[in-house]
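Number of protein chains: 2
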Amino acid sequence: MICKIHDKIKETAGQLFSRYGIRSVSMDDIARELSISKKTIYQNFKDKDQIVMMGVEQHIEKEKKEFGEVMRDAENAIDEILRFSKCLRKNIAEVNPTVLFDLRKFHPQAWEKWLSFKNDFIKRTVLCTIERGKKEGLFREEIKADILATYRIETIEMTFDPKIFSTEKYEFIELQMELLEHFVRGMLTRKGYDVYEELNNTINNE
Amino acid sequence: MICKIHDKIKETAGQLFSRYGIRSVSMDDIARELSISKKTIYQNFKDKDQIVMMGVEQHIEKEKKEFGEVMRDAENAIDEILRFSKCLRKNIAEVNPTVLFDLRKFHPQAWEKWLSFKNDFIKRTVLCTIERGKKEGLFREEIKADILATYRIETIEMTFDPKIFSTEKYEFIELQMELLEHFVRGMLTRKGYDVYEELNNTINNE
Numbered sequence: 001m002i003c004k005i006h007d008k009i010k011e012t013a014g015q016l017f018s019r020y021g022i023r024s025v026s027m028d029d030i031a032r033e034l035s036i037s038k039k040t041i042y043q044n045f046k047d048k049d050q051i052v053m054m055g056v057e058q059h060i061e062k063e064k065k066e067f068g069e070v071m072r073d074a075e076n077a078i079d080e081i082l083r084f085s086k087c088l089r090k091n092i093a094e095v096n097p098t099v100l101f102d103l104r105k106f107h108p109q110a111w112e113k114w115l116s117f118k119n120d121f122i123k124r125t126v127l128c129t130i131e132r133g134k135k136e137g138l139f140r141e142e143i144k145a146d147i148l149a150t151y152r153i154e155t156i157e158m159t160f161d162p163k164i165f166s167t168e169k170y171e172f173i174e175l176q177m178e179l180l181e182h183f184v185r186g187m188l189t190r191k192g193y194d195v196y197e198e199l200n201n202t203i204n205n206e
Numbered sequence: 001m002i003c004k005i006h007d008k009i010k011e012t013a014g015q016l017f018s019r020y021g022i023r024s025v026s027m028d029d030i031a032r033e034l035s036i037s038k039k040t041i042y043q044n045f046k047d048k049d050q051i052v053m054m055g056v057e058q059h060i061e062k063e064k065k066e067f068g069e070v071m072r073d074a075e076n077a078i079d080e081i082l083r084f085s086k087c088l089r090k091n092i093a094e095v096n097p098t099v100l101f102d103l104r105k106f107h108p109q110a111w112e113k114w115l116s117f118k119n120d121f122i123k124r125t126v127l128c129t130i131e132r133g134k135k136e137g138l139f140r141e142e143i144k145a146d147i148l149a150t151y152r153i154e155t156i157e158m159t160f161d162p163k164i165f166s167t168e169k170y171e172f173i174e175l176q177m178e179l180l181e182h183f184v185r186g187m188l189t190r191k192g193y194d195v196y197e198e199l200n201n202t203i204n205n206e
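Residue numbers (full-length UniProt numbering), protein chains in the order written: chain A, 1 to 206; chain B, 1 to 206.
Here it is as structure tokens:
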């Protein structure tokens, strides 16, 4: 029973955070949403920081699973990136961008956890995709995969900085899609160009 | 005569800074190089900071002139970027990368000057080039020029951060060239792809 309510709190908190950001959601809000007392929450979690940390861990597991499925199912490296792009679009639509700002500012440990996931796991994934694309003749042979993988990670970072891309001026999702498309296109061989255009058209007409 | 020695000091200091970085070059070094007394330097410049600021101003003027010539002479937007790339390669080979690190750390006013040049002037130039390329049918019509110009400026910034690209691991020039080539390629139409390959081959065989 404790286990059930524990998971329920984590789940509901995650939903509220995704919708409104972390800072704006208090322990009272979570209790109210679940129609339980704040005491019950504190019987299950030390503090909000712990709920946030567990939420981040859960999110990381979910992303790892999704990434694994994409890599397994994709026909080729370009298809892989287009499928990642679809996941990314879904994640962005579901999560209020404030979440990451709040994480960095108010939950440094959970932020570090996310950062190291992003830097290690996503970088490894990007490296694999680039190598796959090279083998398939879709990405240019001479590409320095390591430089481009680091570049890609830092680009994602960049889009979260409102001093660089003002949140008033740019739609977050538009920004991500523009930069991801540019990233893939920058790697293409002529054959890759054709495959990209074809797959991209198929997806856009779906 | 004062004017001549003033320019001579500025010129020599600029050469020493380019070669060894700013921090490593003292007023004594500049005096020694010119076989003049330190007093003569201080009769012409308030302090090292002022020499650095004037050096930055001179460098900016030189770059503006070079950029103007490139835009005037280039056959099309891709040629423009390849010519910029050549200038960049030349500048990198001539200037010790420490200069920019020292500038940021020890000469904040001169750094601000360079930063605002980079952010305003280079951004405007990139915007012009993108618009030109679109009109010529070489860059994709749907590109958000403003996003990509900001992205490009921030990419340049990124390459100066040793926490991102370790100076031990990456050759600075290799890094710049890889990312510039990727940047152009990410914008190409099919027609642009052909023009790029042709122009790039011509340059590489020169």
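Positions of the beta carbon are idealized from the N, C-alpha and C atoms, including for glycine.
- Distance from the CA atom of A/TYR42 to the CA atom of A/ASP194, rounded to whole angstroms, is 57 Å.
- Contact between the region 11–23 of chain B and the region 97–109 of chain B is present, with at least three C-beta pairs closer than 8 Å.
- The C-beta distance from B/ASN200 to B/LEU82 rounds to 7 Å, short enough to meet the 8 Å contact threshold.
- With a contact defined as Cβ atoms closer than 8 Å, A/ILE147 and B/TYR196 miss out at about 20 Å.
- In this model, A/GLU61 and A/ARG140 are separated by some 32 Å (Cα to Cα).
- When the five nearest sequence neighbours on each side are left out, no beta carbon in the same chain lies closer than 6 Å to the beta carbon of A/THR202.
- Listed along chain A are THR155, MET158, LEU179 and HIS182, each with a C-beta nearer than 8 Å to that of B/TYR151.
- Contact note: A/ARG190 reaches chain B through TYR193, using a C-beta cutoff of 7 Å and chain order.
- Scanning the UniProt domain "HTH tetR-type" (3–63) of chain B from its first residue to its last, no whole beta strand (DSSP E) run of 3-plus residues comes out.
- Here A/ARG72 is exposed. Its C-beta has fewer than 16 other C-beta atoms within 10 Å.
- With 16 or more other CB atoms across the displayed protein chains lying within 10 angstroms of its CB, B/GLN176 is buried.
- Between the beta-carbon of A/ASN44 and that of A/ILE92 there is about 30 Å, and that puts the pair past the 8 Å contact cut.
- Contacts with chain A (Cβ-Cβ distance below 9 Å) from the region 120–135 of chain B involve no residue at all.
- Put simply, the backbone Cα of B/LEU138 is about 53 Å away from that of A/ILE30.
- For B/LEU188, the beta-bridge partners assigned by DSSP are B/PHE139.
- In the displayed model, A/HIS107 falls within coil according to three-state DSSP, outside both helix and strand.
- In the DSSP assignment, B/ALA74 falls outside any alpha helix (DSSP H) and carries neither an H nor an E.
- Listed in chain order, the non-local C-beta contacts of B/LYS10 below 6 Å within the same chain comprise MET54, local neighbours out to five positions each way being set aside.
- For A/ILE164, no alpha helix (DSSP H) encloses it, and the DSSP letter there is neither H nor E.
- About 38 Å separates the CB atoms of B/THR12 and A/ILE164; that is not less than 8 Å, and the two are not in contact.
- At a cut-off of 9 Å between beta-carbon atoms, A/GLY186 makes contact with chain B.
- Taking 9 Å as the cut-off, the beta carbon of A/THR155 is found closer than this to the beta carbon of A/LEU179.
- Against chain B, the CB of A/GLU112 has no partner CB under 9 Å away; the residue lies outside that interface.
- In its chain, beyond the 5 residues on either side, ALA77, PHE139, ILE143, ALA145, LEU148, ALA149 and MET187 have a beta carbon closer than 8 Å to the beta carbon of A/ILE130.
- Per DSSP, A/ILE156 is one residue of the alpha helix (DSSP H) stretching across 145–159.
- Less than 9 Å separates the beta-carbon of B/MET27 from that of B/LYS48.
- Comparing C-alpha distances from B/LYS113 to each of B/GLN50, B/GLY192, B/LYS39 and B/SER18 shows the shortest one belongs to B/GLN50.
- Taking the Cα of B/LYS105 as reference, the smallest distance to any Cα among B/PHE172, B/ARG152, B/GLU181 and B/VAL52 is reached at B/VAL52.
- One thing to note: A/VAL95 has its Cβ no nearer than 9 Å to the Cβ of A/PHE84.
- In this structure, the beta-carbon distance from B/LYS123 to B/ARG152 falls below 9 Å.
- The C-alpha of A/ARG132 lies about 57 Å from the C-alpha of B/ARG32.
- Under the Cβ criterion of 9 Å, B/PHE172 is not counted among the residues facing chain A.
- In this model, A/VAL56 and A/ASN119 are separated by some 15 Å (Cα to Cα).
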